[in-house]
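In our numbering, the protein residues as written are 1390 to 1652.
In structure tokens form, the structure reads like this:
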């Protein structure tokens, strides 16, 4: 009876471990790169990847911008009183963008939910909301960096608060529990300090953090130093200009802010 009890106890432990792994999104992923191309300008490259797991399939569009290239980034901030908001395609065409993504959270009245610095002037104050833990900062030369909320903005010409960090600065996962499945827009830094941007079909932040941490090469990345969630839901969008075509995942809801990379 004692032997049977021990075997039963071991089986229960293994079952609990298995259930915990499934709950934490640790089922094994496989992936297939569907497309990879250089951007129209020599800033970096684009990759489209399909990830598969027993319980989920998602598609990710990723862009890597080499830090040493002459790219210039800026934030587009639209007036909250507009009757009709332009789409990401409208914004990309107007600003001759090579890459454009949506970013930042806003309230029902379309005012920013956190910090917004535009051309050196503060349009919205810093939020203490726990989930808005990071800042996408752009200096006067158009170079992007990703900062913790408490960092100095002395070198920032543009800045927008977002979050949470799904990969904390230094490379460890910043998400510990599964959440809802949403389309995602993420920006980050690689270990080599290149910029990357990712737009996905619906996925939890935990699963996306897991993929970026353990499968960075699937996105064309040589390791991830940090990754900040910019948005989640139907407003998530991306535009990429390639040499022979344009790739667009259009937002389904109006968006106030975009990050644009242009010549």
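Note that the Cβ used here is the ideal one computed from N, Cα and C, for glycine as well.
Proximal residues to residue i (C-beta, below 7 Å), its chain only, five neighbours per side dropped
i: residue 1577; result: 1535, 1556, 1585, 1613, 1615, 1616, 1617
i: residue 1602; result: 1556, 1562, 1613
CB contact flag (residue i, residue j, <8 Å)
i: residue 1512; j: residue 1524; result: no
i: residue 1503; j: residue 1619; result: no
i: residue 1628; j: residue 1488; result: yes
i: residue 1516; j: residue 1574; result: no
i: residue 1428; j: residue 1630; result: yes
i: residue 1435; j: residue 1425; result: yes
Reference residue i; option with closest CA among the options
i: residue 1508; options: 1481, 1519, 1547; result: 1547
i: residue 1459; options: 1478, 1625, 1583, 1620; result: 1583
i: residue 1473; options: 1644, 1648, 1650; result: 1644
i: residue 1496; options: 1630, 1652, 1646; result: 1646
i: residue 1443; options: 1418, 1429, 1456; result: 1418
i: residue 1551; options: 1518, 1599, 1451, 1529; result: 1518
Rounded C-alpha distance that separates residue i from residue j
i: residue 1453; j: residue 1431; result: 11 Å
i: residue 1541; j: residue 1590; result: 34 Å
i: residue 1649; j: residue 1514; result: 22 Å
i: residue 1466; j: residue 1476; result: 13 Å
i: residue 1456; j: residue 1634; result: 24 Å
i: residue 1566; j: residue 1520; result: 14 Å
i: residue 1611; j: residue 1470; result: 42 Å
i: residue 1499; j: residue 1484; result: 22 Å
i: residue 1570; j: residue 1638; result: 17 Å
i: residue 1440; j: residue 1596; result: 11 Å
Same chain only: Cβ atoms within 6 Å of residue i, ignoring 5 sequence neighbours per side
i: residue 1531; result: 1461, 1462
i: residue 1568; result: 1593, 1594
i: residue 1411; result: Low per-residue confidence applies at residue 1411: pLDDT is 37, beneath 50, and the placement is therefore not dependable, though the value from the model is reported in the following sentence. Correct list: empty, nothing qualifies.
i: residue 1391; result: Bear in mind that the predicted position of residue 1391 carries a pLDDT of just 38, short of 50, making it unreliable; the figure below should be weighed with that in mind. Contacts found: none.
Beta-carbon separation (whole angstroms), residue i vs residue j, contact threshold 8 Å
i: residue 1651; j: residue 1486; result: 5 Å
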